[in-house]
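J.: Before we start, here is the structure in question, set down as C-alpha cells.
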Amino acid sequence: MMTIDKRNYSLAVQEEEITVFRNGERYFDLPIRSAVPADGKQDVDEEWLALEQQGMDLVFSTKSSLWDKKEYRLRCGETTFTYHVKVYGKGKPDGVRYFSGRRSNPKDGVRYETSGYFWPVSIISHEHHEYTMAEPNDITSIYFVPPLFVYPFCLDEGQDWFGLGLIGNKGDYTFDHFQYIPGQNRFCLATDFYGNHWVDGEWELPGILGCPGNTEWEVLKSYSDWHYSDGGCKPRVRNHEPRWWYGPFFCGWGEQMAMGGNVYDRANQEDYTRMSRQLDELGLKPTAIIIDDKWQKQYGTALPDLDKWPNLREFAEQEHQKGRKVVLWFKCWSAEGLDADECLSVWSQPVAADPTSPKYQERLKRTIYKLLSSEDGCYNCDGFKIDFANCLPVGVPVQAHEPGVYGVEMIRRLFQIIFDETKKVKPDALINCSCAHPYFAEVVDQARLHDYNMTQRCIQRTMTFRKRIYETVMPGVILDTDSAGYGSRRAAMSYMRLAPTLGVPDLYRLSSTQEAALTQKDWEEIRAIWEAYSARVDQRYREK
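Residue 421 in this note's numbering sits at position 372 of the sequence shown, and the numbers go up by one each step.
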C-alpha cells in the first residue's frame, strides 16, 4: 500500500483501489478500474494492473475485452487530485462508467461513508439540491448551459465535503451530462458518448477531479479554480466594461405574453415601438431594449422578418437617440432556413445548425455583421441574448462536419464563433447567455439568472442560489436578473426590489395582467428603484 498525504486530503493506494480520506475520515474506496463499453459491447478488464510511476503520476495499465491496452492515471496535487482513463485500440466508445469495479467483479462500484450529495443545477420544476446517496441523479444542461459537472458529497448531515467532478481536456469536452448511479451500498459515476467519438489509436477520456472543501460551495469553487489553474481555461478579464452593460434593461418577452394573441407575432416593430413609448411615459430609462422571440423570419438564418420589421435599422437608430442599445434574442441550433450541409444530422436527417460546418460558419459571420454593423445596409444593433443553448441534439449519434465534436464541445464551438465575430464587428456589443462553467468564461460578457416558474413563490431563494453559482464559477460576472415572478403582484414587486441587489434589473412587462395588476404607485416605486440603482452604478464609474 502507498500513502499520499496532501494539504487537505490523503489517499491510500492499493492494488485494486484508492481510498480517499479527509481530516482522518474515510470517504470513498474508488476501484481503479473503469469500464469503457464500445460499439454496443461490454468492457471488462482481463489482466492484473501493472503500476508504474511517471513523474507526478501513478499509471496503472492493463488490457480488456475491448481495448488492446487501458491506462488509469492518478495525479495528486496539493489541493485536488485527477484520475484519467486512456484506451488504445479501435472502436466507438458508448460511454464510460467510472470506478465501476474490480477485475474479479466488474459490476462492483465505489464503497462510501458519505451520507448525501449536492446537486448544483437549477430547473423550472423544482429547487431541490440536497439528495441522499440512495437517490440517482444527472447533471445536464437545463438553465445553466453548461452547468458545473461536479457532485459534492458530505459526511454526517452536511459536514465535511468531498467532490468528484467530470473534467475535459481543452478542445475535447465531448460529453453532455454526468450521472450519479447508486447501487447496493455502492455507486458509480458515468457519462455517455453515444458513439460520437471514433478511437483509432489512443484516446484519453474526460477525467475525474477529486476536490475537497469545508462546505459544498468550497467544493464548487475548488472545481472551478482547477479549470483556471490546471485545466487550460482562461478567466474573463473584466476591465472598462461599457456602462450600458450594467443596465437597467427592458426585455420585451414578458410584454409579448401579456399583450395576448400569438406571442411570437408580437415581436414586431409596431409593438416594440409602443413599448419604447410606454417606457418613456413611465419615466423609465433602460440602457438597452431586448427584442425577443420571434423577430426573425427564420431562426436558422437569423435575419429580420421584413413583414414584422420593415425597418429594424430605423428602430435601432431611434433607440440610440434615446440613449438605449438594442439587443437581439438569438435562438441556438435551429435548422430553420438552413441547407442540409450547414446542419448536424441524426440518422441522415438534418436537425440543427452545425458550428463545425464551414458553410454555416460563413453564414453566421455574415449574419452577425449584417445585424451589428453600422455600415450602410446593416442594422446597427448592439449584441445578442443567446438562448436555447441546451437544445442541441444529444443522446444519439450526431453527424457533424468535423467528426468527434459533441455535447459541451459543440456548444463551445458555437459560442466561440458568435463571441469572436461580435467583438470583431462591434467591440462594445454585449454577449448575454447562461453559461455556468469555467470553459465558457472567455466567451461571456453577461450571465442570465434565467426563467422562473411563476407558480412558485420562492423567487428570492431561487435567484440567490443561481447568483451564488455564477459568482463561484466566474467571479465578478455581470448578472442579468431576468424576469420577475409575475404570478402575483406581491411576488412581482418583491423581485423588483430584490433584483438590484443581485445584478442588472431587467423589466419584462409593461401591461398589467389579472395575476399581477401593477398600480401607478407600483410604477413610481419601480422608477425610484431604477433611479437609485443607476445612480450607484454611475457613481462607481465616476470613481474609476
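Idealized CB from N, CA, C, for every residue including glycine. In this text, all values refer to a predicted model and were calculated from it rather than measured experimentally.
Measure the C-alpha to C-alpha separation of Ala-541 and Val-553 and round it to an integer number of angstroms.
T.: 16 Å
J.: Does the structure place the region 194-213 close enough to the region 279-289 that three or more beta carbon pairs sit under 8 Å?
T.: no
J.: In the DSSP output, which residue or residues are listed as bridge partners for Thr-240?
T.: Val-145
J.: Using 8 Å as the cut-off, can you tell me whether the region 153-170 makes contact with the region 247-262, which would need three or more C-beta pairs spanning the two stretches below that distance?
T.: no
J.: Taking the alpha-carbon positions, what's the Val-492 to Thr-129 distance?
T.: 26 Å
J.: Would you mind reading off the limits of the alpha helix (DSSP H) that contains Ile-49?
T.: For the chain, the structure presents residues 50 to 593; residue 49 sits outside this window and is missing.
J.: Please list, in chain order, all residues of the same chain as Glu-391 whose beta carbon is under 7 Å from its beta carbon, the five residues on each side excluded.
T.: Ala-402, Asp-403, Ser-406, Lys-408, Tyr-409, Arg-412
J.: Compare the C-alpha of Tyr-557 against each of Asp-341, Ala-577, Gly-426 and name the closest.
T.: Asp-341
J.: Are Gly-444 and Asp-143 closer than 9 Å when you measure CB to CB?
T.: no
J.: How would you label Glu-470, buried or exposed, when you count the other beta carbons within 10 angstroms and need 16 or more for buried?
T.: Buried, by the Cβ-count rule.
J.: Relative to the C-alpha of Arg-506, which candidate in Lys-473, Ser-543, Pro-446, Lys-472 has its C-alpha closest?
T.: Among Lys-473, Ser-543, Pro-446, Lys-472, the Cα nearest to that of Arg-506 is on Ser-543.
J.: Could you compute how far the alpha carbon of Ala-183 sits from the alpha carbon of Pro-201?
T.: 15 Å
J.: Have a look at Asp-500 and Glu-74 and give me their C-alpha separation to the nearest angstrom.
T.: Cα atoms of Asp-500 and Glu-74: separation of roughly 40 Å, rounded to the nearest angstrom.
J.: Look at Tyr-488 and Arg-461 and say whether their C-beta atoms are less than 9 Å apart.
T.: Contact flag set, yes.
J.: Would you report the Cα separation of Ala-389 and Cys-427, rounded to the nearest angstrom?
T.: 27 Å
J.: Rounded to a whole number of angstroms, what is the C-alpha to C-alpha distance between Thr-322 and Glu-592?
T.: 35 Å
J.: Any idea if Thr-223 is buried or exposed, counting beta-carbon neighbours within 10 angstroms, 16 or more meaning buried?
T.: buried
J.: Runs of 4 residues minimum, wholly inside the region 261-314: which ones carry the alpha helix (DSSP H) assignment?
T.: 265-278, 302-307
J.: Determine which residues share a DSSP beta bridge with Thr-181 and list them.
T.: Gly-165
J.: For Gln-563, name the three-state secondary structure that DSSP assigns.
T.: coil
J.: Please state whether the Cβ-Cβ distance between Tyr-161 and Tyr-76 is less than 9 Å.
T.: The answer is yes: Cβ separation under 9 Å.
J.: Sorted by chain position, which residues of the same chain lie with C-beta nearer than 7 Å to Glu-564's C-beta, five sequence neighbours on each side aside?
T.: Tyr-535, Gly-536, Ser-537
J.: Kindly list the residues whose CB is nearer than 7 Å to the CB of Glu-64, restricted to its own chain and excluding five residues on each side of it in sequence; keep chain order.
T.: For Glu-64, where only same-chain residues beyond five positions count, the Cβ hits under 7 Å are Leu-98.
J.: Report all residues from its chain with a CB closer than 8 Å to the CB of Ala-581; omit the five preceding and five following residues, and keep chain order.
T.: Pro-549
J.: Quick check: Arg-152 and Pro-86, are their CB atoms within less than 9 Å of each other?
T.: Judged by beta-carbon spacing, Pro-86 lies beyond the 9 Å limit of Arg-152, meaning their Cβ atoms are not closer than that value.
J.: On a Cα-Cα basis, can you pick out the residue from Gly-220, Val-62, Leu-123 that is closest to Pro-452?
T.: Gly-220
J.: Taking only three categories from DSSP, how would you classify Gln-228?
T.: strand
J.: Out of curiosity, what's the CA-to-CA distance linking Met-308 and Gln-318?
T.: Taking the straight line joining both Cα atoms gives about 14 Å.
J.: Which runs of the beta strand (DSSP E) fall wholly inside the region 378-451 and span at least 3 residues, in chain order?
T.: For secondary structure counted as the beta strand (DSSP E) over 3 or more consecutive residues, the region 378-451 holds these complete runs in sequence order: 392-395, 398-402, 432-436.
J.: Do you know offhand how far Ser-8's Cα is from Gln-448's?
T.: The question about residue 8 has no answer, for the chain in this structure spans 50 to 593.
J.: Out of curiosity, what's the CA-to-CA distance linking Ser-174 and Ser-423?
T.: It is roughly 42 Å from the alpha-carbon of Ser-174 to the alpha-carbon of Ser-423.
J.: Just how far apart, CA to CA, sit Thr-350 and Trp-344?
T.: 12 Å
J.: Quick check: the Cα distance between Leu-393 and Pro-399, rounded to an integer number of angstroms?
T.: 6 Å
J.: Would you decide whether Tyr-590 is buried or exposed? Buried here means 16 or more other CB atoms lie within 10 Å of its CB.
T.: exposed
J.: Given this structure, state the Cα-to-Cα distance separating Glu-251 from Gly-138, to the nearest angstrom.
T.: Taken atom to atom, the span from the alpha-carbon of Glu-251 to that of Gly-138 is near 6 Å.
J.: Roughly how many whole angstroms lie between the Cα atoms of Glu-304 and Arg-326?
T.: 13 Å
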